[in-house]
Structure formats: structure tokens, C-alpha cells
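I have placed the structure first, in the form of C-alpha cells, so that the comments after it can refer back to it.
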Amino acid sequence: LDAAPALRWLPVLRRYDPAAVRGGARVAGDRVPSWVRALLREAALALEPRLPQPFAGEIRGLCDALNLSLADGLLVNLAYESSAFCTSIVAQDSRGGIHHGRNLDYPFGDILRKLTLDVQFLKNGQVAFTGTTFIGYVGLWTGQRPHEFTVSGDERDRGWWWENAIAALFQRHSPISWLLRTTLSEAENFDAAVYRLAKTPLIADVYYIVGGTSSRQGVVITRKRGGPADIWPLDPLNGAWFRVETNYDHWKPAPKSDDRRTPAIKALNAIGQANLTLEALFQ
5 LDAAPALRWL PVLRRYDPAA VRGGARVAGD RVPSWVRALL REAALALEPR
55 LPQPFAGEIR GLCDALNLSL ADGLLVNLAY ESSAFCTSIV AQDSRGGIHH
105 GRNLDYPFGD ILRKLTLDVQ FLKNGQVAFT GTTFIGYVGL WTGQRPHEFT
155 VSGDERDRGW WWENAIAALF QRHSPISWLL RTTLSEAENF DAAVYRLAKT
205 PLIADVYYIV GGTSSRQGVV ITRKRGGPAD IWPLDPLNGA WFRVETNYDH
255 WKPAPKSDDR RTPAIKALNA IGQANLTLEA LFQ
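Per the numbering used here, the sequence shown starts with residue 5, numbered consecutively.
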């Protein structure tokens, strides 16, 4: 993070085949509606000054290194924003320890496996935060600030995603994954992270799941673009020692066609709070 934004990803890019990265970018970009692709190709240069740093500079640097247009770089980053189907769990064991797990499902996962990496973001020679992402994508859907908090994001699709997201982007609202990364970088503790993730204007709805380092520090934040729709914390004293979030509002039934919530709840109850470990959660 001490390097110029345009240069930050170059050491990572040297470890990957540029053709493979460009191929992944094409696959991701192809999932973007044709009208969005046309709009961004027309408006990319006008939009660039409205994008916050360091993200605009990092995207520009990636595009230059990979011989991609700025429009294609933006398309890749927006494509990942719109396709994050996932399950997140935050849970408290019987000793008061907090565990946070997630999976992340994309329709083109076979390609993304080859482009996925865990990143240590260094500042002044120290690890400021860590995250999991994809080459070419400057945001984070999963991350950890050492000894303070963890965050994952799950998509919340409320319809008209692209129309709302493009309009909000021009209004300087933050993409979902950029806010997650900024929070990891700037929020100093669990409470500060929850406040920032709940209040900052976004380009789209989302679920943010946050875990801390002390008992009861776990919460699911259901976001509207302008602010929180719901805050759902752990409540272990009343038996709610875990929270499960997929891609649907927790107070509504999960659709039968995509009910990942019920199996997760059943599995956690089968483990039990007394037997909860990182390995058990992973399994």
C-alpha cells in the first residue's frame, strides 16, 4: 500500500499468465448486460475521475499491464460485484470465541479457481489486512484485519441491479467490495467496522457479515443502498449463538429452489456450540 496505486498489483501479475488473466476478464465481462458494456465504453473516461482512489489508480495500472481498455477493467470489477452467490456464518463457541466462515459461488468458478489468491496488504512493512480476491479485481468480498475483525459480503439482489448500480456509481457511491476493503484498511475495531459498513452509501444492496474478537461480536448487516435495512447480532445468552446468511433476507423464508439456509442451520445445530471449532465449521 506504500506503492503508487497503479504499481501495486504488478508483482502479483508477474506470477500469472497474462493471457489467462485476460481470458478470465473476458468471461466475467461477458456476463455484463450488453447495454452496460456499451455505456461503459462510452463513459469510462468521464467516469474515471468520479471513482475513488486508490481503486481508480489500481484499475488503471492493471489495465495498462494487461493491455485492457479502462472500460474492460471496469466491466470486470462490476461483473464480480453482481454475481456473488454465497453463504456466510458467524458463530460463538462455548468459550466465547468467534468463528467466521464463508463460501463464495460464481457461475464461472472453474476459471476463477485459477485466478484466486489470498493477499496480504502491507503498510509500513506490516500486514495491515488480508483478503481473498481474483486477479484483475481490486475489491474484496472476504477479509480480516489482524486481531480486530473479519468481514464477508453476500449479494442481495433486489432487482434492477445494473440500472441502480450504474446510476449510483455516477453519484460517487461505493461499490460493495470497495467499501469492504476500505473498512479493513481504515476501521480500527469491530464497532467502527460495523458502523462504516452499515452507513456508507453503496451502489447496490448487500449483506455484510462481521465477526470480532470478543464474545457477542458477530452481526449480519442487511444493506439498502442508502443505509441499513436490518442489523442482526449474535444473541448467545438467548440461544442465538450463530447467524447464517445466504442471499436472502433472514426474516423471510428462503426460496425452495435455493434453500442453502436450512442445511447450514441443521449442520450447526448438529455440531452444537460446545463442539464448535474452526475445523468443524469448515467441514
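Every residue, glycine too, gets a C-beta built ideally from N, C-alpha and C.
Since this is a predicted model, take the numbers as computed values, not measurements.
- A straight line joining the alpha-carbon of Tyr-212 with that of Pro-259 spans about 20 Å.
- In this structure, His-254 places its C-beta atom within 8 Å of the C-beta atom of Val-224.
- Of the residues Gly-129, Gly-215, Val-16 and Gln-287, the one whose Cα lies closest to the Cα of Ser-156 is Gly-215.
- Under the rule that a run must span 4 or more residues, the alpha helix (DSSP H) segments found entirely inside the segment 60-115 read 74-85.
- Annotated three-state conformation of Val-224 is strand, per DSSP.
- Under the rule that a run must span 3 or more residues, the beta strand (DSSP E) segments found entirely inside the segment 139-188 read 146-149 and 153-159.
- Leu-51: member of the alpha helix (DSSP H) spanning 38-51, first to last residue.
- DSSP, read as helix, strand or coil, puts Ala-191 in coil.
- Excluding sequence positions up to five before and after Leu-43, its CB lies within less than 7 Å of the CB of Ile-170, all in the same chain and listed in chain order.
- In this structure, the beta-carbon distance from Thr-137 to Val-123 falls below 8 Å.
- The beta carbons of Ala-48 and Ala-75 sit about 4 Å from each other, so the pair counts as a contact at 8 Å.
- In this chain, Asp-34 is not harboured by any beta strand (DSSP E); it is covered by the alpha helix (DSSP H) spanning 22-34.
- Shown here, Tyr-212 sits in a strand according to DSSP, grouped into three states.
- Beta-bridge partners of Lys-127 (DSSP): Gln-130.
- Contact between the segment 22-34 and the segment 108-118 is present, with at least three C-beta pairs closer than 8 Å.
- Take Ile-63, set aside five residues on each side of it, and the residues of its chain with a beta-carbon closer than 8 Å to its own are Leu-55, Leu-74, Gly-77, Leu-78, Asn-81 and Val-142, in chain order.
- Its chain contains Ile-139 as the residues whose beta carbon lies nearer than 6 Å to that of Tyr-20, once the 5 sequence neighbours on both sides are disregarded; these appear in chain order.
- Closest in alpha carbon position to Glu-283, among Thr-217, His-104, Asp-161 and Asp-6, is His-104.
- Residue burial annotation: Arg-176 is exposed, with fewer than 16 other C-beta atoms found within 10 angstroms of its C-beta.
- Residue range 265-275 is occupied by the alpha helix (DSSP H) that includes Arg-265.
- Boundaries around Pro-237 are those of the beta strand (DSSP E), 232-237, since no alpha helix (DSSP H) includes it.
- Separation of Gln-277 and Gln-96 (C-alpha to C-alpha, rounded to the nearest whole angstrom) is 7 Å.
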